[in-house]
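Numbering (this note's numbering), first residue to last: 1 to 114.
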């Protein structure tokens, strides 16, 4: 993998669950796995989809492809925050696919907006 193409910084976070002190319900907290350089390839807007969730709530789903150096500790339960002028949070939706012989990994992420 060409390191020069990894031109964006990102934070990868994993979910830690805690319990609410008053009600005992689960409260998700996000902990930092690490800060890495990655390549962000936005998928064309025509490929984004609109879905209905709940009671007629329209949600726009934007998909993006992320590439980074080879790692084994990233999976689909995590999220990634791309450091842009306005940081954007994406949910990782696929487990990483290996590029080459452990040269790098690629996975899909989604961002939701209403």
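Don't be surprised by glycine CBs; every beta carbon is placed ideally from N, CA and C. Note that this is a predicted model, so its numbers are computed, not measured.
Proximity winner among the options, relative to residue i (alpha-carbon distances)
| i | options | result |
| --- | --- | --- |
| residue 90 | 16, 83, 79 | 79 |
| residue 73 | 14, 5, 85 | 14 |
| residue 34 | 21, 12, 87, 60 | 12 |
| residue 75 | 21, 94, 2 | 94 |
| residue 108 | 77, 85, 102, 86 | 77 |
| residue 36 | 85, 3, 102 | 3 |
Cβ-based neighbour list, residue i, same chain, cut-off 7 Å, excluding 5 preceding and 5 following
| i | result |
| --- | --- |
| residue 38 | 6, 8, 10, 66, 67, 68 |
| residue 71 | 105 |
| residue 32 | 11, 13 |
Residue i to residue j span [Cα, whole Å]
| i | j | result |
| --- | --- | --- |
| residue 44 | residue 112 | 15 Å |
| residue 28 | residue 82 | 20 Å |
| residue 16 | residue 100 | 32 Å |
| residue 18 | residue 25 | 8 Å |
| residue 84 | residue 60 | 20 Å |
| residue 92 | residue 23 | 30 Å |
Reduced DSSP category for residue i - H, G, I as helix; E, B as strand; rest coil
| i | result |
| --- | --- |
| residue 4 | helix |
| residue 104 | strand |
Sequence-distant residues of the same chain with beta carbon closer than 6 Å to residue i, five excluded per side
| i | result |
| --- | --- |
| residue 41 | 65 |
| residue 106 | 67, 97, 99 |
Residues near residue i by beta carbon distance below 8 Å, same chain, minus five either side
| i | result |
| --- | --- |
| residue 30 | 13, 14, 15, 16, 79 |
| residue 20 | 26, 27 |
| residue 88 | 81, 82, 111 |
| residue 102 | 70 |
Fill in: Runs of beta strand (DSSP E) wholly within the segment 23–96 (minimum 3 residues, chain order)
26–42, 49–53, 57–69, 79–82, 88–92
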